[in-house]
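In full-length UniProt numbering, the protein residues as written are 1 to 154.
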């Protein structure tokens, strides 16, 4: 178990890890967003931007092979910076829309879905439901993402 600062230092390069925090009597899920980690796009991992451009809604949803993640994400705000969609693609996040993206899927997840759909004929609906079980299998805290975001990506 680590303090919040050490946890941030260890996970800055792996922002899609799932964490658990000791509440005094049990481990509860927490996110790196809860620890105030911001993913900075348009720069090398761990590098700070002098002109970060945070997204308006303050949360960005990333679908990854280990579940659904709500993250804080900042685009590079320099005049010469690439478009938000291009910045996401450089980090290997495939945006759900090209105009003001708020949801993305990792290339790793898209490749896994591609192989599973070819080999086992799994549908996008079944794949998304299995993915949401990775995030919360109890159904007490359903994911904030609707399945339509994933369906438009395929």
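Note that beta-carbon positions come from the ideal geometry of N, C-alpha and C, so glycine has one too.
For this session: Pick out the complete alpha helix (DSSP H) segments inside the region 72-103, 4 residues or longer, and give them in chain order.
Result: 84-90
For this session: Identify the continuous beta strand (DSSP E) that holds residue 21 and give its terminal residues.
Result: The residue you call residue 21 lines up with position 21 of the chain shown. Where residue 21 is concerned, the enclosing beta strand (DSSP E) stretches over 19-22.
Problem set entry | Stretch-stretch touch, CB-based, cutoff 8 Å, three pairs: the region 126-139 with the region 87-95 | Segment contact: the region 126-139 against the region 87-95, fewer than three CB-CB distances shorter than 8 Å; contact not assigned.
Exercise. Hey, out of 33, 28 and 16, whose CA is closest to residue 5's CA?
Worked result: Along the chain shown, one-based indexing puts residue 5 at 5. The shortest Cα separation from residue 5 among 33, 28 and 16 belongs to 33.
Exercise. Going by C-alpha distance, which of 119, 35, 42 and 62 is nearest residue 20?
Worked result: Stepping through the chain shown from its first residue, residue 20 is reached at position 20. Ranking the options by Cα distance to residue 20, first place goes to 35.
Exercise. Does the Cβ-Cβ distance between residue 50 and residue 42 come in under 9 Å?
Worked result: Translated into positions along the chain shown, residue 50 becomes position 50. Translated into positions along the chain shown, residue 42 becomes position 42. Contact: no.
Problem set entry | Alpha-carbon spacing of residue 64 relative to residue 76, whole angstroms | As a position in the chain shown, residue 64 is number 64, starting the count at 1. As a position in the chain shown, residue 76 is number 76, starting the count at 1. Approximately 23 Å between the Cα atoms of the pair.
For this session: Tell me where the beta strand (DSSP E) around residue 4 begins and ends.
Result: Taking the chain shown and counting its residues from 1, one reaches residue 4 at position 4. Note, residue 4: premise wrong, no beta strand (DSSP E); alpha helix (DSSP H) at 4-11.
Problem set entry | residue 115 (DSSP reduced to helix, strand or coil) | Stepping through the chain shown from its first residue, residue 115 is reached at position 115. Looking at residue 115 - three-state DSSP - the assignment turns out to be helix.
For this session: Keeping to the same chain, check which residues put their C-beta closer than 7 Å to that of residue 109; ignore five residues upstream and five downstream.
Result: Taking the chain shown and counting its residues from 1, the one referred to as residue 109 is at position 109. 63, 64 and 65.
Problem set entry | Cα-Cα separation, residue 30 to residue 141 | On the chain shown, position 30 is the one that residue 30 refers to. On the chain shown, position 141 is the one that residue 141 refers to. Roughly 12 Å between the two C-alpha positions.
Exercise. Going by C-alpha distance, which of 74, 96, 53 and 67 is nearest residue 38?
Worked result: Within the chain shown, the letter at position 38 stands for residue 38. Comparing Cα-Cα distances from residue 38 to each of 74, 96, 53 and 67, the minimum goes to 74.
Exercise. Since residue 67 sits in a beta bridge, which residues does DSSP pair it with?
Worked result: The residue given as residue 67 occupies position 67 in the chain shown. Residue 67 pairs with 64.
Exercise. What three-state label does DSSP hand residue 50 in the structure shown?
Worked result: Residue 50 sits at position 50 when you count from the first residue of the chain shown. The answer is coil: DSSP assigns residue 50 none of H, G, I, E or B.
Problem set entry | Classification of residue 80 by the beta-carbon crowding that lies within 10 angstroms, buried from 16 upward | As a working note, residue 80 is residue 80 in the chain shown. Exposed is the call here.
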